[in-house]
Amino acid sequence: QDGKVIENSEASILGPSAGSSITDEFCTKQKDSFLDSDDFAAKGGLKQMGEALDRGMVLVLSLWDDTDVNMLWLDSAYPTDEPSDKPGVLRGPCPGGSSSEPEYLRKTVPESHVTFSQIKVGTIGSTTQSVGGRRMESAFV
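Numbering-wise (our numbering), the sequence shown opens with residue 8 and increments by one.
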């Protein structure tokens, strides 16, 4: 963000040394901790994800507003019928309520917009500065 690399954090909710990268074990532990069904494992986990990536993918950027649940799943307490102190429910600091409703946002900030710029694509680790200078396998789009 603004040319600054933001280091990945440790997933402390899963216990000490839970890790800071996605593994099949991490995904299963996360689903178990939050009492969610492990749909990722049922669909083949990282092996299947890797095979899909090998077939090639397209980067799609999209903005939308969510009239069903007001994007609460992204940065608030969701699902709304669960206590916010239950693991996995509190997903961020947004208070929710009427200020999260699309109608409120459209009325309050009708000229809102987003600019996507300097998007880099490349293999993992190729889009940041290296000791020897900029790596050539990354590209701006």
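Ideal placement from N, C-alpha and C gives every residue a C-beta, glycine not left out.
- Setting aside the 5 residues that flank it on each side, V12 is surrounded in the same chain by T135, each with a C-beta closer than 7 Å to its C-beta; the list follows chain order.
- By the neighbour-count criterion, in which a residue is buried when 16 or more other Cβ atoms sit within 10 angstroms of its Cβ, N15 is exposed.
- Between the alpha carbons of V67 and C101 lies a gap of roughly 26 Å.
- DSSP places K38 in the helix class (H, G or I) of the three-state scheme.
- A residue is called buried when at least 16 other Cβ atoms come within 10 angstroms of its Cβ; M78 meets this threshold and is buried.
- It is roughly 25 Å from the alpha-carbon of G129 to the alpha-carbon of F33.
- Within a 10 Å sphere around the beta-carbon of Q37 sit 16 or more other beta-carbons, which makes this residue buried.
- A residue is called buried when at least 16 other Cβ atoms come within 10 angstroms of its Cβ; S105 does not meet this threshold and is exposed.
- Under DSSP, no beta-bridge partner is assigned to L81.
- Taking 7 Å as the cut-off, the beta carbon of D31 is found closer than this to the beta carbon of G52.
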